[in-house]
Amino acid sequence: IENRVRLTLEVTEAVVSIWGNDRVGIRLSPVTPDAGNTPPDSNVMATYGYLIQQLNQLNLAYLHFVEGATATSRTVPEGVDLDALSAQFEGPFIGNNNYDLAMAIERRAQGRIDAVAFGRLFISNPDLVERLRRGIELTIAPRESYYGGGAKGYTDWPTADASIASSSAK
Ligand SMILES: Cc1cc2nc3c(=O)[nH]c(=O)nc-3n(C[C@H](O)[C@H](O)[C@H](O)COP(=O)(O)O)c2cc1C
Numbered sequence: 153i154e155n156r157v158r159l160t161l162e163v164t165e166a167v168v169s170i171w172g173n174d175r176v177g178i179r180l181s182p183v184t185p186d187a188g189n190t191p192p193d194s195n196v197m198a199t200y201g202y203l204i205q206q207l208n209q210l211n212l213a214y215l216h217f218v219e220g221a222t223a224t225s226r227t228v229p230e231g232v233d234l235d236a237l238s239a240q241f242e243g244p245f246i247g248n249n250n251y252d253l254a255m256a257i258e259r260r261a262q263g264r265i266d267a268v269a270f271g272r273l274f275i276s277n278p279d280l281v282e283r284l285r286r287g288i289e290l291t292i293a294p295r296e297s298y299y300g301g302g303a304k305g306y307t308d309w310p311t312a313d314a315s316i317a318s319s320s321a322k
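Be aware that the sequence shown starts at 153, since it is given in this note's numbering, and climbs by one per residue.
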């Protein structure tokens, strides 16, 4: 276990030594299958539990998990409890993966997350926070568009106000 987490710890320590612990957070994907060409860890609870204990000593700004398989599902392998792992972290914890507003509020109220990171919803809703606040319908982008390699369908989605303005001008 020490050897599996060695690189992550050494890199984190090096970055902290330059930027300071309060400006460094870490994002981990404990169960995402086939991240790059690295297979999932064979003992997620022990390996990540140890890593988090070590990270606690660095007093980082936050820990951030991709909870489940990135942008696919929140299902985790048998025997894995990501909430139990993140609970071991002593600083702020950011949850991510397939959140909607209701789940964000619920998990925040349960004390399972301190904050939530939205990914895909921010692509097609550049004004996501405002839409959530005002209960405006969200645009769901087709997956092909944001992996297209260009701006079209990726960074050119309008805000809700811009959509309303352009449809009333027509
Ligand atoms: C177009 C696109 C590119 C992404 N690139 C990265 C990346 O470079 N590194 C990373 O850790 N996650 C990346 N992700 C994953 C997101 O950070 C996030 O974990 C994932 O979309 C799940 O969150 P969501 O359900 O809110 O979208 C990417 C996701 C998308 C849609």
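Note that CB positions come from ideal geometry on N, CA and C, so glycine has one too. Predicted, not measured: the structure shown is a model, and the values here were computed from it.
Distance between Gly-302 and Ser-276 (C-alpha atoms, nearest Å): The residue labelled residue 276 in the question sits at position 124 within the sequence shown. The residue labelled residue 302 in the question sits at position 150 within the sequence shown. Their backbone Cα atoms lie some 14 Å apart in a straight line.
Ranges of the alpha helix (DSSP H) found wholly within the segment 251–279, counting only runs of at least 4: Counting only runs of 4 or more, we get 253–261, 272–276.
Sheet register partners of Val-167 (DSSP bridge): Taking the sequence shown and counting its residues from 1, one reaches residue 167 at position 15. By DSSP's assignment, Val-167 forms no beta bridge with any residue.
Extent of the continuous beta strand (DSSP E) to which Ile-246 belongs: As a working note, residue 246 is residue 94 in the sequence shown. Run containing Ile-246: 245–248, per the beta strand (DSSP E) assignment.
Spatial distance of Ile-257 from Arg-158 (CA atoms): Within the sequence shown, residue 257 is the residue found at index 105, counting from 1. Within the sequence shown, residue 158 is the residue found at index 6, counting from 1. Their Cα atoms are separated by approximately 35 Å.
Thr-307 to Gln-262 span [Cα, whole Å]: Position 155 of the sequence shown, counted from the start, is the residue given in the question as residue 307. Position 110 of the sequence shown, counted from the start, is the residue given in the question as residue 262. About 34 Å.
Option nearest Leu-215 by Cα separation, candidates Pro-191, Glu-296, Gly-243, Thr-199: Position 63 of the sequence shown, counted from the start, is the residue given in the question as residue 215. It is Gly-243 whose Cα lies nearest to the Cα of Leu-215.
Unbroken alpha helix (DSSP H) run spanning Ile-204, endpoints: Residue numbering aside, residue 204 sits at position 52 when the sequence shown is read from its first letter. It spans 196–208 - the alpha helix (DSSP H) in which Ile-204 sits, taken as one unbroken run.
Bounding residues of the alpha helix (DSSP H) (the contiguous stretch that carries Tyr-298): What you label residue 298 is simply residue 146 of the sequence shown in a count that begins at 1. Start and end: 295–298.
Leu-245 versus Ile-265: straight-line alpha-carbon distance, rounded: Mapped onto the sequence shown, residue 245 falls at position 93. Mapped onto the sequence shown, residue 265 falls at position 113. A quick correction: the sequence has Phe, not Leu, at residue 245. Here the C-alpha atom of Phe-245 lies approximately 6 Å from the C-alpha atom of Ile-265.
Neighbourhood of Leu-280 by C-beta, 8 Å cutoff - its chain only, sequence neighbours within 5 removed: Indexing the sequence shown from 1 puts residue 280 at position 128. Around Leu-280: Phe-270, Leu-273, Phe-274, Leu-290.
Proximity to Glu-282 [Cα-Cα], best of Glu-296, Pro-294, Ser-320, Leu-253: The residue you call residue 282 lines up with position 130 of the sequence shown. It is Leu-253 whose Cα lies nearest to the Cα of Glu-282.
Cutoff 6 Å; reference Thr-184; Cβ partners in own chain excluding five residues on either side: Residue 184 sits at position 32 when you count from the first residue of the sequence shown. Counting only Cβ-Cβ distances below 6 Å, and skipping sequence neighbours, we find Val-218, Ala-221, Thr-222.
Assigned secondary structure, Ser-319 (DSSP; H/G/I helix, E/B strand, else coil): One-based indexing of the sequence shown puts residue 319 at position 167. Of the three classes helix, strand and coil, the one that applies to Ser-319 here is helix, per DSSP.
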